[in-house]
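J.: I have a structure I would like to understand better, so I am pasting it below and will then ask my questions one at a time.
2 protein chains.
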Amino acid sequence: MIKIEYDGTNYNGWQIQQNGKSVQEEIIKALSKLSGKDIIVHGSGRTDAKVHARGQVASFHLESSIPIERLPMAMNTFLPMDISIKEAQEMPNDFHARYSAIGKRYTYHIYTGRYRSPLIKNYAYHVPRPLDLDKIQQGINLLIGTHDFRGFMSNGSSVENTVRTIHSINLEKRDDNLWLTFEGSGFLYNMVRIMVGTLVEVGISKKTLENINNALEKLDRKYAGHKAPPQGLYLDKVFYPLTH
Amino acid sequence: MIKIEYDGTNYNGWQIQQNGKSVQEEIIKALSKLSGKDIIVHGSGRTDAKVHARGQVASFHLESSIPIERLPMAMNTFLPMDISIKEAQEMPNDFHARYSAIGKRYTYHIYTGRYRSPLIKNYAYHVPRPLDLDKIQQGINLLIGTHDFRGFMSNGSSVENTVRTIHSINLEKRDDNLWLTFEGSGFLYNMVRIMVGTLVEVGISKKTLENINNALEKLDRKYAGHKAPPQGLYLDKVFYPLTH
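Protein chains in written order, with this note's numbering: chain A, 606 to 849; chain B, 606 to 849.
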């Protein structure tokens with residue numbers, strides 16, 4: 606398995622596709638150049654266009670004479686500068702980046718300064734007004750735990766079981782910056798971005814805690830808030846059982 | 606006066622020039638669109654290509670019906686997304702962004718992780734090896750104070766008085782990131798980047814504290830270290846007397 610950091614700004618997301626650049630395709634191309642073979646690469650899950658990762662995980666079977674500790678450097682030679690392999694580890698044969706995962710951590714960066722901040726224009730969501738952090742914390746408290754999160758999922762997902770457990774949501778503030786860190790058993794399609802959009806609306810009194818309760822109980826997307834934009838989102842870490 | 610944040614990645618620096626984009630030119634163009642006039646804009650000082658600013662200051666005389674508190678938003682409408690006016694203030698007539706300045710603060714970001722970090726490739730200097738922070742701190746202690754910093758200046762500057770006072774150099778570490786914050790009465794051409802390069806070389810034992818002493822005493826560039834790359838450097842703040 607490899608751990609990957611990428612700047613998602615210039616990608617259409619993780620997943621390989623017909624049109625547009627994907628991170629997965631770059632990884633496959635690098636492995637092909639390295640090994641001379643076509644390698645099947647499994648990611649821990651998709652990330653949308655413009656979403657970043659500090660700890661995306663991918664798995665593949667590679668027969669190579671390159672020692673595992675040299676693999677990151679060797680792959681980075683063939684990867685564009687906005688993708689970097691940060692770690693490589695040999696795993697048991699049944700390890701699978703997606704199916705072995707037992708949890709994920711995402712961070713979302715919100716910037717609340719009055720005027721736009723060029724240095725983080727591709728790395729944060731600009732909400733140019735003060736947010737009521739007490740209210741946001743109350744909203745967070747409702748979201749933590751095991752719930753059916755169908756009301757916080759975008760259309761277009763075919764997943765059947767929409768029950769997920771959120772272990773923690775941590776709120777950190779420094780000056781005009783706000784970071785929300787989500788840890789959970791897994792996240793539905795766009796679930797983090799919809800939770801963030803909802804919490805932002807709670808923080809400006811456009812939505813109430815009642816709306817969150819309704820979204821959780823009536824399982825209807827219409828009660829939750831907007832989908833926050835992609836560039837504030839970072840896939841930080843994928844968790845696996847200790848045995849892996 | 607206005608305070609400006611910019612992402613220097615796609616600019617040839619602050620100063621207007623024949624070839625290549627400059628931040629100063631964009632500011633002049635925005636003011637011209639706003640007022641219909643050619644406005645002379647003075648910056649607090651130059652920044653090199655790819656150097657960033659969180660608090661560059663510029664001054665100009667503008668006759669306009671726009672209230673000063675609306676000026677940032679009005680100017681931002683005409684500026685590219687990698688430049689933003691964060692503040693505007695009316696000043697006494699004799700205020701001059703450069704000549705009234707009594708000090709500056711710069712931050713320099715170093716990343717010491719083993720593998721490159723795509724998310725900060727345009728925002729930090731990658732030094733892929735551990736740095737001896739004790740030694741760097743000893744180097745810092747030698748630099749603080751009033752010295753002739755001619756040995757830490759790039760050629761191509763015509764400045765005569767090369768004595769400057771460094772009030773403080775602060776070292777902050779988080780994980781694989783290191784931030785050096787310099788406050789001083791003023792800085793010579795490339796002085797911060799050469800101090801950073803020198804401190805990095807001290808931190809990997811390529812230079813000694815003796816080298817720093819020599820550079821300070823013999824006023825010769827050859828004793829100092831390399832010039833650290835531009836993308837790690839941020840002009841944070843320009844200081845003015847309270848009367849301004």
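Ideal Cβ placement from N, Cα and C applies to all residues, glycine included.
Rounded to whole angstroms, what is the Cα-Cα separation between B:F844 and A:I607?
T.: Walking along the second sequence from the start, residue 844 of chain B turns up at place 239. Walking along the first sequence from the start, residue 607 of chain A turns up at place 2. Each residue's alpha carbon lies about 47 angstroms from the other.
J.: By the DSSP assignment, the beta strand (DSSP E) with B:A693 in it spans what residues?
T.: Position 88 of the second sequence holds residue 693 of chain B. Counting along the chain, the beta strand (DSSP E) containing B:A693 begins and ends at I688 to A693.
J.: Suppose the cutoff is 7 angstroms on Cβ atoms and the five residues either side in sequence are ignored; what does the same chain contact list for B:E631 look like?
T.: By one-based count along the second sequence, residue 631 of chain B stands at place 26. Close CB contacts of B:E631 within its chain, under the 7 angstroms cut and outside five residues either way in sequence, are with L684, P685 and I688 (chain order).
J.: Ordered along the chain, which non-local residues of its own chain (more than five positions away) have a Cβ less than 7 angstroms from that of A:D699?
T.: Taking the first sequence and counting its residues from 1, one reaches residue 699 of chain A at position 94. For A:D699, where only same-chain residues beyond five positions count, there are no Cβ hits under 7 angstroms.
J.: In the structure shown, what three-state DSSP assignment does A:N615 receive?
T.: Here residue 615 of chain A corresponds to residue number 10 of the first sequence, with the count starting at 1. Note: A:N615 maps to helix in three-state DSSP.
J.: Touch check for the segment 648-656 of chain B and the segment 672-682 of chain B: three-plus C-beta pairs under 8 angstroms?
T.: no
J.: Can you list the beta strand (DSSP E) stretches of 3 or more residues lying completely in the segment 677-730 of chain A, in chain order?
T.: Here the runs fully enclosed are 688-693 and 708-716.
J.: What residues of chain A sit near B:R779, judged by a beta carbon separation below 9 angstroms?
T.: As a working note, residue 779 of chain B is residue 174 in the second sequence. What B:R779 touches in chain A: nothing, since even the nearest Cβ is about 12 angstroms away.
J.: Report the CB separation of B:V605 from B:A833 in whole angstroms; it is logged as a contact under 8 angstroms.
T.: Residue 605 of chain B lies beyond the stretch modelled for chain B, which goes from 606 to 849, so this question has no answer here.
J.: Any C-beta of chain A within less than 8 angstroms: which residues of the segment 792-826 of chain B qualify?
T.: none
J.: Alpha carbons only, please: which of A:D825, A:Y711, A:E610 and A:L667 is nearest the one belonging to A:L785?
T.: For this step, residue 785 of chain A is matched to residue 180 along the first sequence. If we check each option's Cα against that of A:L785, A:Y711 comes out closest.
J.: Going along the chain, which residues of the segment 683-708 of chain A sit with their C-beta nearer than 7 angstroms to a C-beta in chain B?
T.: M686, D687, I688, S689, I690 and K691
J.: At 7 angstroms on the CB atoms, spell out the chain A contacts of B:N681, in chain order.
T.: Here residue 681 of chain B refers to the residue found at position 76 of the second sequence. Near B:N681 (Cβ distances below 7 angstroms), the residues of chain A are Y720 and R721.
J.: Against chain A, which members of the segment 724-750 of chain B pass a CB distance test of less than 8 angstroms?
T.: L724, K726 and Y728
J.: Can you give, in chain order, each stretch of the alpha helix (DSSP H) that sits fully within the segment 775-829 of chain A and has at least 4 residues?
T.: 796-808 and 814-823
J.: Could you say if the segment 656-672 of chain A and the segment 606-626 of chain A meet the contact criterion of at least three C-beta pairs nearer than 8 angstroms?
T.: yes
J.: What residue range does the alpha helix (DSSP H) around A:G744 cover?
T.: Walking along the first sequence from the start, residue 744 of chain A turns up at place 139. Here the alpha helix (DSSP H) through A:G744 covers L738 to L748.
J.: Should A:V646 be counted as a contact of the ligand PLP given a C-beta to heavy atom distance under 7 angstroms?
T.: Absent from the structure shown: the ligand PLP. Ligands present: none.
J.: To the nearest angstrom, how far is it from the Cα of A:W619 to the Cα of A:P672?
T.: Along the first sequence, one-based indexing puts residue 619 of chain A at 14. Along the first sequence, one-based indexing puts residue 672 of chain A at 67. Cα-Cα distance, rounded: 26 angstroms.
J.: Since A:D612 meets chain B, which of its residues come closer than 8 angstroms, beta carbon to beta carbon?
T.: Numbered from its first residue, the first sequence carries residue 612 of chain A at position 7. In chain order: P723, L724 and K726.
J.: CA-CA distance, B:P697 and B:F665?
T.: Locating residue 697 of chain B in the second sequence gives position 92, counting from the first residue. Locating residue 665 of chain B in the second sequence gives position 60, counting from the first residue. About 11 angstroms.
J.: Keeping to the same chain, check which residues put their C-beta closer than 6 angstroms to that of B:Y713; ignore five residues upstream and five downstream.
T.: The residue given as residue 713 of chain B occupies position 108 in the second sequence. So the qualifying residues of the chain are L785, V801, G837 and L838.
J.: Using a 10 Å radius around the Cβ and a threshold of 16 neighbouring Cβ atoms, would you call A:G830 buried or exposed?
T.: For the purposes of this step, residue 830 of chain A is taken as residue 225 along the first sequence, with counting starting at 1. Buried, since its Cβ has 16 or more Cβ neighbours within 10 Å.
J.: Note down, in chain order, each residue of its chain lying with its Cβ closer than 6 angstroms to the Cβ of A:K691, except the 5 sequence neighbours on either side.
T.: Mapped onto the first sequence, residue 691 of chain A falls at position 86. Once the five neighbours on either side are set aside, the close Cβ partners of A:K691 are K608 and E610.
J.: Does the beta carbon of B:P677 sit closer than 8 angstroms to a beta carbon anywhere in chain A?
T.: The residue labelled residue 677 of chain B in the question sits at position 72 within the second sequence. Answer yes: the Cβ-Cβ gap between B:P677 and chain A drops below 8 angstroms somewhere.
J.: Any contact of the segment 817-828 of chain A with the segment 752-759 of chain A, i.e. 3+ C-beta pairs under 8 angstroms?
T.: yes
J.: Measure the Cβ-Cβ separation of B:L724 and B:L783 and say whether it is below 8 angstroms.
T.: As a first step, residue 724 of chain B is located in the second sequence; it is residue number 119 there, counting from the start. As a first step, residue 783 of chain B is located in the second sequence; it is residue number 178 there, counting from the start. It is not a contact, given that the beta carbons lie outside the stated cut-off.
J.: Taking a contact to mean a Cβ-Cβ separation below 8 angstroms, would you say A:I858 touches A:G750 in this structure?
T.: Nothing about residue 858 of chain A can be read from this structure; chain A reaches only from 606 to 849.
J.: Along the alpha helix (DSSP H) that carries A:Q629, what are the first and last residues, could you check?
T.: Taking the first residue of the first sequence as 1, we reach residue 629 of chain A at position 24. Taken as a continuous stretch (DSSP letters only), the alpha helix (DSSP H) holding A:Q629 covers V628 to S640.
J.: Kindly indicate the opening and closing residues of the beta strand (DSSP E) around A:K832.
T.: Translated into positions along the first sequence, residue 832 of chain A becomes position 227. Where A:K832 is concerned, there is no enclosing beta strand (DSSP E), given that its DSSP letter is neither H nor E.
J.: Find the nearest neighbour of B:L840 within the set B:R719, B:V797 and B:K778, judged by alpha-carbon distance.
T.: As a position in the second sequence, residue 840 of chain B is number 235, starting the count at 1. The shortest Cα separation from B:L840 among B:R719, B:V797 and B:K778 belongs to B:V797.
J.: Taking just the CA atoms, how far does B:N766 sit from B:N795?
T.: Sequence index remark: in the second sequence, residue 795 of chain B carries index 190 (1-based). Sequence index remark: in the second sequence, residue 766 of chain B carries index 161 (1-based). Computed Cα separation, rounded: 15 angstroms.
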